[in-house]
Amino acid sequence: MQIFGVDIGGSGIKGAPVDLDRGDLTEERHKVLTPHPATPDAVADGVKEVVGHFGWTGPVGITFPGVVADGATIRTAANVDKAWIDTDARALLGDRLGGLPVTVLNDADAAGVAEMQFGAGRDRRGTVLLLTFGTGIGSALFVDGELVPNTELGHLELGGHDAEKRASTKAKEDHELTWEHWARRVTKYLAHVEMLFSPELFIIGGGVSRKADKFLPLIEDIKAEIVPAQLQNNAGIVGAAMRAAKTAS
13 MQIFGVDIGG
23 SGIKGAPVDL
33 DRGDLTEERH
43 KVLTPHPATP
53 DAVADGVKEV
63 VGHFGWTGPV
73 GITFPGVVAD
83 GATIRTAANV
93 DKAWIDTDAR
103 ALLGDRLGGL
113 PVTVLNDADA
123 AGVAEMQFGA
133 GRDRRGTVLL
143 LTFGTGIGSA
153 LFVDGELVPN
163 TELGHLELGG
173 HDAEKRASTK
183 AKEDHELTWE
193 HWARRVTKYL
203 AHVEMLFSPE
213 LFIIGGGVSR
223 KADKFLPLIE
233 DIKAEIVPAQ
243 LQNNAGIVGA
253 AMRAAKTAS
């Protein structure tokens, strides 16, 4: 079975059809830059371009980088335009896609769902936390395989700032941090999250997971196991498609 997945991020909007039996893309993903300002209408146009690139006409799962209430209403918008807050994203995006069935969920939750089914969290019980490092820091919390949605742990305070302002990949790039310096910030963040939730496993996702060998060995004194996401930056697309299939069934 194939369903289309779209992952809206702070820097790019990417999507592709997904084979739900394998948990993998069936075609090379198509990506457009996230518009700035990332207003609802402008982002919806980007989603339309990505879906239209494939001529897709079935259900579409779409991630959003913020809290999504009841699969529709946006409650936070840290890395996109604040006009998103209180927007019915499901209605807006469905209308822009010509009435296609649309499912919307938090971006890190989507990545986590995919990793728990097909990736690094497969068959893992207990408390598992997936953290996506990119423009911000997304989080997906699982207890015995069940998702606790919209945790948004990237906004925990770290050193007097939102954690994602200190330890995201964007913070590394903006402040031209070495891998060693950035790893120390990530370690402080993981230690704080571990103190709060005591997970058995951290899964590190986002685009930086492709370079896990450059920073994971530098992270010390964390009791939980730490592994890179296996689906890497495709996890959000796969998880979005999985949720759309579940909604359509």
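Under the numbering used here, the sequence shown has 215 at position 203, and the numbering climbs by one with no breaks. Backbone N, C-alpha and C fix where the C-beta goes; we use that ideal spot for every residue, glycine too.
Test item: CB-CB of residue i and residue j under 7 Å
i, j, result
"isoleucine 249", "aspartate 33", "no"
"proline 29", "leucine 141", "no"
"glycine 73", "arginine 255", "yes"
"leucine 117", "valine 63", "no"
"serine 261", "glutamine 244", "no"
"threonine 69", "glycine 78", "no"
"aspartate 119", "glycine 150", "yes"
"glycine 27", "glycine 17", "yes"
"alanine 50", "leucine 105", "no"
Pairwise C-alpha distance: residue j and residue i
i, j, result
"glycine 133", "proline 229", "20 Å"
"isoleucine 216", "alanine 241", "6 Å"
"aspartate 156", "threonine 259", "22 Å"
"glycine 265", "alanine 236", "Lying before the first or after the last residue shown, residue 265 is absent from the chain, which here runs from 13 to 261."
"glutamate 176", "histidine 65", "32 Å"
"aspartate 121", "glycine 83", "12 Å"
"alanine 247", "tyrosine 201", "22 Å"
"proline 47", "valine 59", "11 Å"
"phenylalanine 214", "methionine 13", "30 Å"
"arginine 196", "histidine 204", "13 Å"
"leucine 170", "methionine 128", "27 Å"
"isoleucine 234", "proline 113", "43 Å"
"alanine 252", "phenylalanine 209", "25 Å"
"glycine 166", "glycine 67", "35 Å"
"glutamate 61", "threonine 75", "16 Å"
"isoleucine 15", "threonine 115", "11 Å"
"glutamate 206", "histidine 193", "20 Å"
"histidine 42", "glycine 219", "16 Å"
"glutamate 188", "aspartate 225", "19 Å"
"isoleucine 25", "aspartate 135", "30 Å"
"isoleucine 238", "glycine 131", "14 Å"
"lysine 184", "aspartate 31", "34 Å"
"alanine 257", "alanine 123", "15 Å"
Assigned exposure category for residue i - 16 Cβ within 10 Å defines buried
i, result
"aspartate 107", "exposed"
"alanine 103", "exposed"
"proline 71", "buried"
"leucine 45", "exposed"
"glycine 111", "exposed"
"alanine 101", "buried"
"alanine 81", "exposed"
"lysine 223", "exposed"
"lysine 94", "exposed"
8 Å Cβ shell around residue i - same chain, five flanking residues per side excluded
i, result
"valine 198", "Phe145, Ala179, Phe227, Ile231"
"threonine 99", "Pro52, Thr85, Ile86"
"glutamate 39", "Ala28, Pro29, Phe66"
Close beta carbons around residue i, own chain, < 7 Å, minus the five adjacent residues each side
i, result
"threonine 147", "Gly21, Gly22, Ser23, Asn91, Ser180, Lys182"
"valine 125", "Leu159, Gly251, Met254, Arg255"
"tryptophan 191", "Lys226, Phe227, Leu230"
Nonlocal neighbours in the same chain, by C-beta distance under 6 Å from residue i, ignoring five residues either side
i, result
"leucine 153", "Leu141, Val160, Thr163"
"leucine 168", "Ala175"
"tryptophan 96", "Pro52, Ile86, Ala89"
"alanine 54", "Pro47"
Where are the beta strand (DSSP E) runs, 3 residues long or more, that stay fully inside the region 148-202, in chain order?
Listed in chain order, the complete beta strand (DSSP E) runs (minimum 3 residues) inside the region 148-202 are 149-155, 158-160.
What residue ranges within the region 36-107 form continuous alpha helix (DSSP H) runs of no fewer than 4 residues, ordered along the chain?
If only complete runs of 4 or more residues are kept, the region 36-107 shows the alpha helix (DSSP H) at 52-65, in order along the chain.
Quick one: which unbroken alpha helix (DSSP H) runs of 4-plus residues sit fully inside the region 116-147? Chain order, please.
You should have 119-130.
Minimum length 3: unbroken beta strand (DSSP E) runs contained in the region 229-255:
Within the region 229-255, the complete beta strand (DSSP E) runs of at least 3 residues are 237-240.
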